[in-house]
Amino acid sequence: MPNCENCGRQWKWKTIVLNTLKFTNKVNCPYCGKAQYIVPKSRKQNALFSFLPAFLIIVVTLIFDLEVLGTFLLVPALIFIFLGIYPFLTKLSNEDEASIGER
Ligand SMILES: [Zn+2]
6 MPNCENCGRQ
16 WKWKTIVLNT
26 LKFTNKVNCP
36 YCGKAQYIVP
46 KSRKQNALFS
56 FLPAFLIIVV
66 TLIFDLEVLG
76 TFLLVPALIF
86 IFLGIYPFLT
96 KLSNEDEASI
106 GER
């Protein structure tokens, strides 16, 4: 689980997931109040996480020959698993590293 880069306190799983669901990577630390950015531990992981859910859906659909209904049930399950793992693969930063890289 990631630690605040400013005060060093460990964030709760819930804090990361709730803010991921809001589609924001900028979150104020619940302990010291400083803005932190949720960033992947590495660029490789970032790319992996962009493709993995879509890849899994395609593979599972092919293997199990799912009906459309099955796919609709599968997608929320995969999103749930993804969100469960996601906070363990992130770190917190004082800077928005993603936007620095794009500059
Ligand atoms: Zn903090």
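Count along the sequence shown from 1, add 5, and you get the number used in the numbering used here.
Think of the CB as a built atom: it goes at the ideal place given N, C-alpha and C, for glycine as much as any other residue.
Residue span of the alpha helix (DSSP H) that contains residue i, given as start and end
i, result
"Asn24", "Trp18 to Leu26"
"Pro7", "Where Pro7 is concerned, there is no enclosing alpha helix (DSSP H), given that its DSSP letter is neither H nor E."
Expected contact under 8 Å - CB spacing of residue i and residue j to nearest Å
i, j, result
"Ala40", "Lys46", "At roughly 20 Å, the Cβ-Cβ gap does not stay under 8 Å, so Ala40 and Lys46 are not in contact."
"Pro92", "Val22", "6 Å"
Alpha-carbon spacing of residue i relative to residue j, whole angstroms
i, j, result
"Phe85", "Thr25", "12 Å"
"Arg14", "Asn8", "5 Å"
"Leu78", "Glu72", "10 Å"
"Glu100", "Asp70", "45 Å"
"Leu27", "Pro58", "In the sequence under discussion, the amino acid at residue 27 is Lys, which differs from the Leu named in the question. Distance between the alpha carbons of Lys27 and Pro58: 18 Å."
N- and C-terminal bounds of the beta strand (DSSP E) containing residue i
i, result
"Pro45", "Ala40 to Pro45"
"Leu97", "Thr95 to Ser98"
"Asn33", "Lys31 to Asn33"
Proximity to residue i [Cα-Cα], best of the options
i, options, result
"Trp16", "Ile63, Leu67, Cys37 and Leu78", "Cys37"
"Trp18", "Asn11, Ile43 and Glu10", "Ile43"
"Gly89", "Thr20, Cys34 and Leu97", "Thr20"
"Cys34", "Phe28, Ala59, Gln50 and Glu10", "Glu10"
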